[in-house]
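These protein sequences, in sequence, are chains X and C.
Residue 512, in the working numbering, is where the first sequence stops; the numbers in between run on with no holes.
Residue 1644, in the working numbering, is where the second sequence stops; the numbers in between run on with no holes.
For every residue, glycine included, the Cβ atom is placed at its ideal position computed from N, Cα and C.
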Amino acid sequence: MRSSALALALAAALAAGAAAAAGPEGRAWAPADPAHRWSFPRDHHAHREYRNEWWYLTGTLEDAAAPGRRLGYQVTFFRVGLVRDPPALDSAWATGGAVMAHLAITDPGAGTHRFAEVLWRDVPMLGGFGAEGDPVLAWAVAPPGTAGRWALTLGADGAFAVSARDDAQGIALELVARPERPVVLQGPNGYSRKAAAPGHASLYYSFTRMATSGAVTLDGRARAVRGTSWMDREMGSSQLAPAQVGWDWFALRLADGRDLMLYALRRADGTVDFRRATLLTPDGAVRWLEADAWRAEPLGRWRSAATGAEYPSGWTVTVPSAGIRLTVRPELDAAENVSSRVPGLAYWEGPVRLTGPDGRAAGEGYVELTGYGARARPPI
Amino acid sequence: MRAYLARAVGRELRAGKALFLLSVAGVALGVGAVLSIQILNGSALGAFAGTVRAVSGDADLSVLGWTGALDEALFPEVLAVRGVAAARPLWRADAVVEGRPGASLELVGADLLGAARGPSALPPAALEGALGTPGWVAVTPAWAEEMGWREGDRIDVSLGSRRARLVVGARVDFQAAAPLASRRLALMDIGQAQGLLGTRGRIHQIDVRAAPGVAPGALAERLSAALGERARVATPEQRTVEAGGLLSAFRLNLTALSLVSVLVGGFLVYASVRASLARRREELGMLRAVGATRAQVLGLVLGEAALLGILGTAAGVPLGWLAAQANVGAVSGTVRNLYLLEGIDRVALTPALVALGAATGLAGALAGALWPALDAARADPRALLASIAVEEGAGARAGRLLAAGLAALAAGLAVYALAGERLAAAGFAPAVGILVAVPLATPALLRGMGRAGLPHRLGIAYGLRSLGGRLSASAPAAGALAVAVAMLAGVTVMVGSFRDTVERWLDATLRADVYVTTPSWRRARSEATLAPEVLATLRAYPGARSVDVLRQHTGYTADGRRVQVSGVDAAVPGADGRVALVAGDAGEAMRALRERGAVLVSEPLARKAGLAPGGALALRGREGPVRFPVAGVYRDYGAEGGAVLMDLEAYARAFGPGAPSNAALTLAPGDDPERAVAALRAALPGAALQIRSNRTLRGEVLAIFEQTFAVTRLLEAMGLVIAAAGVTLSLLVLARDRRAELALYRALGASRGQLFRVFLGRGLAVGGAGLVLGLAGGGALAVVLVRAVNPAFFGWTLGISVPLRALALEALAILAAAAAASLYPALAASRTPAQELSRDAL
């Protein structure tokens, strides 16, 4: 599920929101197709018939020179469609959408969480999305004040390379993430429903384990790193239902080799409107879990000084039928991303550690929490 | 004593009500004239600064092109410079609204998608329309209301020969952040603006915000280093200062003119105070005799003057405001069309301007009163009490005043002779000398008129000649009038000479028969281009013997001078007739343009930059400075800052390819230009064009010329009204002071009609004296304005031509005004009863 609402938050911030799914004069955006014929690597590339899509990498890394020194990272490229058929104009600025990218590096040891972002018109001068055959899946000119570009590319060997830097923040990363497990479709045929009512859905697949290596720059100092990443890829035109304000999302890699993805969409009063999960076993078997098959109970709260938003912090996650009972703890509480380019866009995204009932380490992962706080822009 | 002084002021005011009101009116007009000009000047700059603020918001720097536009490929380069926190590309041009004469939109094409904040932030719901609805534009609520536009309304606009249909998509109140910003500002997405009305790859500005902790100055240097010669970097303040520099000569001239009104007003105060003191000599003498100090007497008189100044200011401030309102159209037109800056939408009366008005009024009144006040305070009480006439002193003084006036004139000329070459403002020194000498010569002239001997009958002629004996009252009035007339005549001759020169220049250089440009050209210049199909149609017109085209942009010399740069086809037959060279052979010069890539420079530029044929001029090109040989200096009265003319090929090499904005057709001999105009209009129905015959264009050029001088004329009129008030005032003084004398006349049998005629004669004498001296001074002033001030400030050489008809009409008007101004005093005087006869008068 991921950040559908994130992108929609952008859309809401910039435009009328999902209600106006069609451009004023053009065709309507295509709804997510339950019968989509999956084909890779074609489907790694942009699908411009959908209003929004994103490439979402999160991971935990270890400093090669200082074993035990852990870092979390997030790099996301969003394609935000505003007008499906913009007027034909003889101008390099003509576009119907935007490219947005987020970069965050969390250093639990130092207690820091750095966030950088870009937001450009989707034009060849500033950023965009490669067509099939182009190794570049998504790219954007670096933030103002920084030379170069941010990019996500797909190598011939199937590995994904990501690079992004922001000199003003003193952060950069240059990583290669090689899938260790095949693509997982999140939901039947990758059709991921987001509400009980029909039509609210996306096409969604993931790489849950990717061997990752490269370099991360923090405070202007580069260090070699290696670790494991998770990549989510999602596209659609109308994910959230009107009553939903945000969601909690978990991407967990269990020490026993299983991978667990959970999402819960919340209403304004904090109750859960719709939730689903996917459990992947090392042998490649996938189980899609209905709402009654799992639970995620918050253990505490963390209040952001920057936005005043109060996020849940720490959960007990149970999947009784799979014998899973985990305690999920953020590696750093203050892992909130606050956009300065899209007013009101703020969310929590950070690395978490898993412990089992016996208190022993049981894995790691990433959690994303959106739609918290009075000032957070409603996703739709 | 203090209480007495206060009461004395009150009594004096009541006694000389008409006198006092006239002086107040004089001060008020002076204050009004100065204030209105300062309001307009301030508003012109305020409009520019406000528009910069409304468009650029909190941008620290703007990256601008040297050649009127900017290559958009620079945008990513700007983004990459360290210390840049945000950069906004802007496309800008003024489009004309079709079917609404004079209406335009100052279009700002901004990146609405990348700018969620800042001045281009839209209501969230608007973005989809801005990107998806063809022609979507946001206009200011003020302009929408004025034009009667509602959301969803379609607006047909044109830029160059291109037309586009815009749709009012939203209202954005640019003026909320900057009240003086242009209400014509309109916001579009940059892709739509450039795609519908502009040229691919071409933008105009990149606004930059510096990262926290980065000094804008340091960032400007880094940006300049990164962009090199391809762009310039300026702060909003620098841009406003630059605009101020463009307008400086225009503003200075208006200011100087308005100060003359204060001078005239000051004379009025002088006359009135002088008269009041003359009447109260005895009273002041008594006061001094019973122990009043000199300071107290001085205070009494100056207190009265201060009150006069305050009242005059109170009336003058609203007057100035109204005058500014009345003239905002003319000044705005000049600023928009001649200087290509923002028009003035609103005039703002700031506290500083009110303070300036008050200072002008008070200073004028006090300065006018100071001399007579000092005189009265200095005098011995016995002298004040003795009833010898003031006139004797005044008469003796006339010669000295004349000498002083001549000395002032000589000083003015000396300053100019010494500093005229180096300091532009030195050109004003002889003008000031003349304006000082003219009133100072008045007493001598009036005395001279008196020496002609008195006629034996009481009548107009008696009045005319007897004035020489009433100098203290009549000389200031005549002097004030003379100053006003000098100004009027001087400016009339200057404007007449200017107009005559321009007409001759147009005759010499407007040689083609049909001129083609676009409605938006006057403001948008290099953006208002003719489409290739329009040019093709013009070239294919069967009656055209040759077609000449023009490209033009506002560029810069390598040393930063802002000049108008034009490219023409130097190979077109008859090209040499298009320019009037100051010296040398035009055919030769055109060949140099064609073969050597040389340029011609306009006379103002040659003068200001010290250029001469054989020299070289470096202009900012697309990639850096380009040096051109100078082949000649040509006359030009269109661009005050200077103009450069070159061949189109050289133009394209230095400034890049592009379409021309103007074309001129020469028809076969005998062809009717008006018929060709009609035929071309019919052949190009879809394009936004202005196709005009030579004759029509000439008329329009002269109309713009007249508009530029509209304010000048208003100031002249204000000066004249003040001066006419002065005539009334001086005659009232005479009628009052000389009641005893008049009574004697009456006792001796003079009829009322005779006294009336005597006063009418005196009024005409004041008018005539003012006129004679004024015309003499005006002639001299015209020479100074044409020969010294104009070349120094504008760089134009004008031939002097005297518009006799206009001057004769003005002279008649002045005499009529003087006669009219005399009517009331003459009536008052004729009513003096014989009983007023007193022993003193005998």
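- The Cβ of Q994/C sits closer than 8 Å to at least one Cβ of chain X.
- Looking at the DSSP output, Y1358/C sits in a beta bridge with R1364/C.
- Chain order gives the chain X residues near V886/C as P276, G277, where near means a beta carbon separation below 7 Å.
- Burial state of T1095/C is exposed, judged by a 10 Å Cβ sphere holding fewer than 16 other Cβ atoms.
- Within its own chain, the residues whose Cβ lies closer than 7 Å to the Cβ of T1319/C, once the five positions on either side in sequence are excluded, are S1463, N1464, Q1492, listed in chain order.
- Sequence-distant Cβ neighbours of R435/X in its own chain, meaning closer than 6 Å and more than five residues away, are E442.
- Residues of the region 255-269 of chain X whose Cβ lies closer than 9 Å to any Cβ of chain C, in chain order: V255, M257, L258.
- Taken through DSSP and simplified to helix, strand or coil, T1599/C comes out as coil.
- In terms of beta-carbon proximity, L214/X lines the interface with chain C, with at least one pair separated by less than 8 Å.
- Ranked by how close their Cα comes to the Cα of R985/C, the residues E1144/C, A1385/C, R1224/C have E1144/C in first place.
- Partner residues in the beta bridge of I1493/C, as assigned by DSSP, are V1318/C.
- Taking 8 Å as the cut-off, the Cβ atoms of V1287/C and G1572/C count as close.
- Judged by DSSP in its simplified three-state form, A1033/C adopts coil rather than helix or strand.
- Distance check between L1260/C and each of D958/C, L1544/C, V1585/C places L1544/C closest, using alpha-carbon atoms only.
- One finds W225, R253 in chain X with Cβ atoms closer than 8 Å to the Cβ of D913/C, taken in chain order.
- Sixteen is the threshold: when 16 or more other Cβ atoms of the shown chains lie within 10 Å of the Cβ of E874/C, as they do, the residue is buried.
- Contiguous beta strand (DSSP E) elements confined to the region 291-338 of chain X occur at 292-298, 303-311, 323-325, taking only those with 3 or more residues.
- Interface flag for A1418/C against chain X is unset, since no Cβ pair is found closer than 8 Å.
- Rounded to the nearest angstrom, the gap between the Cα atoms of A1243/C and G870/C is 53 Å.
- By alpha-carbon distance to E1044/C, the top candidate from A1505/C, G1472/C, F850/C, Y1626/C is F850/C.
- Annotation: the continuous alpha helix (DSSP H) that includes D1177/C extends over 1153-1180.
- Proximity of A164/X to chain C, defined by a Cβ-Cβ separation below 8 Å, is not satisfied.
- Here G1265/C has R1559, V1560, F1561, L1562, G1563, R1564, A1567 as same chain residues with Cβ atoms under 7 Å from its own Cβ, once five neighbours each way along the sequence are excluded.
- What R1224/C touches in chain X, judged by beta-carbon distance under 8 Å, is nothing: the nearest beta carbon there is about 46 Å away.
- With respect to L1447/C, A230/X sits apart: the two C-beta atoms are not nearer than 8 Å.
- If you ignore the 5 residues before and after Q1127/C, its C-beta comes within less than 7 Å of the C-beta of V1149, all in its own chain and listed in chain order.
- Scanning its chain for C-beta atoms nearer than 8 Å, with the 5 sequence neighbours on each side dropped, one finds around D1473/C the residues D1315, G1345, in chain order.
- For D298/X, no Cβ of chain C is located within less than 8 Å of the residue's own Cβ.
- Restricting attention to L1419/C, L1113/C, E1502/C, R1396/C, the CA atom closest to the CA of A1452/C is found in R1396/C.
- Secondary structure at I456/X: strand, using DSSP grouped into helix, strand and coil.
- By the C-beta density criterion, Q977/C is buried, having at least 16 other C-beta atoms within 10 angstroms.
- With the rule of 3 Cβ pairs closer than 8 Å, the region 955-974 of chain C counts as touching the region 923-932 of chain C.
- In the three-state DSSP reduction, G859/C falls in the coil class, being neither helix nor strand.
- Counting the other Cβ atoms within 10 Å of the Cβ of T1057/C gives fewer than 16, which makes it exposed.
- Comparing alpha carbon positions, the residue from T448/X, G290/X, R355/X closest to G302/X is R355/X.
- For E874/C, the closest Cβ of chain X is nearer than 8 Å.
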